[in-house]
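A.B. asks: First the structure, which I've put down as structure tokens, then a few questions once you've had a look.
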Amino acid sequence: MPENEGSVQENSDQQSQESILEQARQKIRQQKEEVVPHNILEDLPLPESRRKLTIEIAQEDWERRLDELFEEFRRSATIEGFRKGKAPVKLLQRRFMKEAREELAERILPPILQKYAEAKKTVIYGKPVLTDQQYESGKAPRLTLEIEVKPEIDPVGYESVEVEVEEVVVPPDAVDANLERLRQENAYLEEVQEPANSDDDVVVVDILAVGKDGKTLDRRSDVSLQIGVPQSAQLPDAVREALKGKAAGETIELDASTPDGTPAHYTVNVKSVKKLRIPELDDEFAKDLGQENLAALRAHVEARIREQVEEEKKDRAFNAVVAELVKKVEFDVPPSLKAQVEQDLMKRDLTHLYMTGRMPQHARGLSREEYRQRISDDADQRVKGYLLLDAIGIKENIEATEEDIQAALEARAKAEGRKPLAVRAALEKRREWDSFVEEVRFEKIRNFVLSKAKIRWVPPKQSEQPAEA
Numbered sequence: 009m010p011e012n013e014g015s016v017q018e019n020s021d022q023q024s025q026e027s028i029l030e031q032a033r034q035k036i037r038q039q040k041e042e043v044v045p046h047n048i049l050e051d052l053p054l055p056e057s058r059r060k061l062t063i064e065i066a067q068e069d070w071e072r073r074l075d076e077l078f079e080e081f082r083r084s085a086t087i088e089g090f091r092k093g094k095a096p097v098k099l100l101q102r103r104f105m106k107e108a109r110e111e112l113a114e115r116i117l118p119p120i121l122q123k124y125a126e127a128k129k130t131v132i133y134g135k136p137v138l139t140d141q142q143y144e145s146g147k148a149p150r151l152t153l154e155i156e157v158k159p160e161i162d163p164v165g166y167e168s169v170e171v172e173v174e175e176v177v178v179p180p181d182a183v184d185a186n187l188e189r190l191r192q193e194n195a196y197l198e199e200v201q202e203p204a205n206s207d208d209d210v211v212v213v214d215i216l217a218v219g220k221d222g223k224t225l226d227r228r229s230d231v232s233l234q235i236g237v238p239q240s241a242q243l244p245d246a247v248r249e250a251l252k253g254k255a256a257g258e259t260i261e262l263d264a265s266t267p268d269g270t271p272a273h274y275t276v277n278v279k280s281v282k283k284l285r286i287p288e289l290d291d292e293f294a295k296d297l298g299q300e301n302l303a304a305l306r307a308h309v310e311a312r313i314r315e316q317v318e319e320e321k322k323d324r325a326f327n328a329v330v331a332e333l334v335k336k337v338e339f340d341v342p343p344s345l346k347a348q349v350e351q352d353l354m355k356r357d358l359t360h361l362y363m364t365g366r367m368p369q370h371a372r373g374l375s376r377e378e379y380r381q382r383i384s385d386d387a388d389q390r391v392k393g394y395l396l397l398d399a400i401g402i403k404e405n406i407e408a409t410e411e412d413i414q415a416a417l418e419a420r421a422k423a424e425g426r427k428p429l430a431v432r433a434a435l436e437k438r439r440e441w442d443s444f445v446e447e448v449r450f451e452k453i454r455n456f457v458l459s460k461a462k463i464r465w466v467p468p469k470q471s472e473q474p475a476e477a
């Protein structure tokens, strides 16, 4: 055979194999998406927004898929006394029928439940729990399972709800406090030829720590440490204290224990000293922040505080309205949805702890049991609020229009300093576009509910923290 003919034949064989593989992949995908012929024999309500379904699967389809599943098993099964892929199917069926049936049920149930949810116009939460399986020779198999669904809610009272909400109090010095915070946030380090004598001073040093046996325990160069911060740069406090009053070019030597308690002799060379400089509150500082002058910066801070006050008032009013509406309607919360919210709330608190070193205000002073109860109650209210608002939106036919979505997209793009198309592309890439649209819808529902509410503002029961710019 000519060389080029052999090459053509080889390419043809390869393409044929790839075509066969692709057909196999398509078949698997189709099977996963295909809804198996079935009948729902029983659909009963259970507590906690659950339902019990008994589903009968068409016998012919079940047996065909079960045979195909065992063929899959056979190709990969390693059974003693048989080469891989050569074990008789009958043997596999005797040994692994229970596992095969469970596997097949897991494959065929998701499309069935998706069709069920669409037909019932509901949402299924969490993972279905298979509670019973009935297999009789010559009869269609029956699968009994429990699912969590979105509760049916008939919202009432939202057209004329009345609530009391505490006013948002802004301290008289809020503007000055925010300006001072801006100064602190824009502080910078400046290298100086002075000794390090302030807790805010930073020294850049070379470190050598040698143990009693002469072995090097620590050798680092260009290490920055703050004079007033204990254990800064993982150095003993004795070393840090000895650096006070030292200037660039000076060296200290002393004996101290390393952080793990090992005795060592430290030699530390001071390479530079940096002082913390806080900018003056003047026109130049305002220009650095993008404002024309100090008066313009002050006006900007005042406007931002007013915006935050309005946002806080809206949040307080909305939370009060939702809490009141939840009292008017009784319904169960799907356990898996509540559990997910509980996890999110605990993650939020742990993130706060990691970032600040302290638990959030609402969690301080609580025992473990009290904290868990607080999280449980909070999650329960949040889930009920979400489900209730969704029900109001459905009842009032509130949807996010293209104009609503575009306006929200442009607002987000402006806040992020990007183009709307870029923001949308990023959301779609992360598969977050549908969530974004749902957020727009919920904002419309929120505004609708607030527009119907009668809100009476009352003085706060305790002092509040100043709003920040």
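Start counting at 1 in the sequence shown, then tack on 8, and there's your number in this note's numbering. Idealized CB from N, CA, C, for every residue including glycine.
Can you give me the Cβ contacts of Ala325 inside the same chain, cut-off strictly under 8 Å, excluding the 5 residues immediately before and after it?
C.D. replies: Excluding positions up to five away in sequence, the list reads Val171, Val173, Leu458, Ala461 and Ile463.
A.B. asks: If I measure Cβ to Cβ from Val44 and keep anything under 7 Å in the same chain, skipping five residues before and after, which residues do I get?
C.D. replies: Once the five neighbours on either side are set aside, the close Cβ partners of Val44 are Ile65, Ala66, Asp69, Ile116 and Ile120.
A.B. asks: With a threshold of 16 other CB atoms inside 10 Å of the CB of Asp290, please say whether the residue is buried or exposed.
C.D. replies: Exposed, since its Cβ has fewer than 16 Cβ neighbours within 10 Å.
A.B. asks: If we call anything under 7 Å between Cβ atoms a contact, is Ala416 one with Ile313?
C.D. replies: Result no, Cβ atoms of Ala416 and Ile313 do not sit closer than 7 Å.
A.B. asks: Under the assumption that Ile413 contacts Ile453 (Cβ atoms under 8 Å), give the Cβ distance between them as a whole number of angstroms.
C.D. replies: About 15 Å; that fails the 8 Å criterion.
A.B. asks: Are the Cβ atoms of Gly165 and Lys336 separated by less than 7 Å?
C.D. replies: In this structure, Lys336 lies closer than 7 Å to Gly165 by Cβ.
A.B. asks: Under the rule that 16 or more other beta-carbon atoms within 10 Å means buried, what is Tyr362, buried or exposed?
C.D. replies: Exposed: under 16 other Cβ atoms inside 10 Å.
A.B. asks: Can you give me the C-alpha to C-alpha distance between Arg103 and Gly393, rounded to a whole angstrom?
C.D. replies: Approximately 50 Å between the Cα atoms of the pair.
A.B. asks: Report all residues from its chain with a CB closer than 7 Å to the CB of Ile161; omit the five preceding and five following residues, and keep chain order.
C.D. replies: Excluding residues within five positions, the ones whose Cβ falls inside 7 Å are Val337, Phe339, Leu395, Leu396 and Ala399.
A.B. asks: Looking at C-beta atoms only, is the number of pairs between the stretch 292–305 and the stretch 252–266 that lie closer than 8 Å three or more?
C.D. replies: In short, these stretches do not touch, since the Cβ pair count stays below three.
A.B. asks: With distances taken Cα to Cα, identify the nearest neighbour of Ile215 among Lys129, Arg227 and Glu424.
C.D. replies: For Ile215, the nearest C-alpha among the options comes from Arg227.
A.B. asks: What three-state label does DSSP hand Gln381 in the structure shown?
C.D. replies: Three-state result, Gln381: helix.
A.B. asks: I'd like to check one pair, Ala246 with Leu233: are the Cβ atoms closer than 7 Å?
C.D. replies: No.
A.B. asks: Should Gly236 go down as buried or exposed, given a rule of 16 or more other Cβ atoms within 10 Å for buried?
C.D. replies: With fewer than 16 other Cβ atoms within 10 Å, it is exposed.
A.B. asks: Taking the alpha-carbon positions, what's the Ser375 to Ser344 distance?
C.D. replies: When rounded, the distance between both Cα atoms is 25 Å.
A.B. asks: Give the straight-line distance between the Cα atoms of Gln351 and Val210, rounded to the nearest whole angstrom.
C.D. replies: Each residue's alpha carbon lies about 40 Å from the other.
A.B. asks: Check whether the stretch 122–137 touches the stretch 147–159, counting contact only when three or more Cβ pairs, one atom from each stretch, lie closer than 8 Å.
C.D. replies: At 8 Å Cβ cutoff, the stretches touch.
A.B. asks: What three-state label does DSSP hand Tyr362 in the structure shown?
C.D. replies: If DSSP states are grouped into helix, strand and coil, Tyr362 belongs with the helices.
A.B. asks: May I ask which residues mark the beginning and end of the alpha helix (DSSP H) holding Asp209?
C.D. replies: Segment: none, Asp209 is in no alpha helix (DSSP H) and carries neither H nor E.
A.B. asks: Is the separation between the beta-carbon of Phe78 and that of Leu100 shorter than 7 Å?
C.D. replies: Contact: yes.
A.B. asks: If you compare alpha carbons, which of Arg82, Ala195, Ala204 and Val349 is closest to Ala541?
C.D. replies: What is shown of the chain runs 9 to 477, which leaves residue 541 out entirely.
A.B. asks: Taking only three categories from DSSP, how would you classify Asn327?
C.D. replies: In this structure, Asn327 counts as helix in the three-state DSSP scheme.
A.B. asks: Relative to the C-alpha of Leu74, which residue among Glu261, Ala108, Leu262 and Lys422 is closest?
C.D. replies: The residue with the shortest Cα to Cα distance from Leu74 is Ala108.
A.B. asks: Roughly how many whole angstroms lie between the Cα atoms of Leu266 and Val218?
C.D. replies: As written in the sequence, residue 266 is Thr, which differs from the Leu given in the question. The alpha-carbon atoms of Thr266 and Val218 are separated by roughly 10 Å.
A.B. asks: Rounded to the nearest angstrom, what separates Gly298 and Tyr196 at their Cα positions?
C.D. replies: Cα-Cα distance, rounded: 18 Å.
A.B. asks: Can you pull the DSSP bridge partners for Thr275?
C.D. replies: Thr275 is bridged to Leu216 and Glu261.
A.B. asks: Looking at the strands, I want to know which residues DSSP matches up with Ser232.
C.D. replies: According to DSSP, which records beta bridges pairwise, Ser232 is partnered with Val212.
A.B. asks: Between which residues of its own chain and Pro468 is the CB-CB distance below 7 Å, once the five residues before and five after are set aside?
C.D. replies: Closer than 7 Å at Cβ, skipping near neighbours: Glu174, Glu175 and Val177.
A.B. asks: In whole angstroms, what is the alpha-carbon distance linking Trp465 and Val317?
C.D. replies: If I take the Cα positions, the gap works out to 13 Å.
A.B. asks: How about Arg189 and Pro287: are their beta carbons less than 7 Å apart?
C.D. replies: No, they are not a contact pair.
A.B. asks: Tell me, which residues are paired with Tyr133 by DSSP?
C.D. replies: Per DSSP, Glu156.
A.B. asks: Going by C-alpha distance, which of Glu71, Ala264 and Phe90 is nearest Met105?
C.D. replies: With distances taken between Cα atoms, Met105 lies closest to Glu71.
A.B. asks: Beta carbon of Val281, beta carbon of Val200: below 7 Å?
C.D. replies: Going by C-beta atoms, Val281 is nearer than 7 Å to Val200.
A.B. asks: Thinking C-beta only, is Glu193 closer than 7 Å to Lys283?
C.D. replies: Their beta carbons are not under 7 Å apart, which means Lys283 does not touch Glu193 by this criterion.
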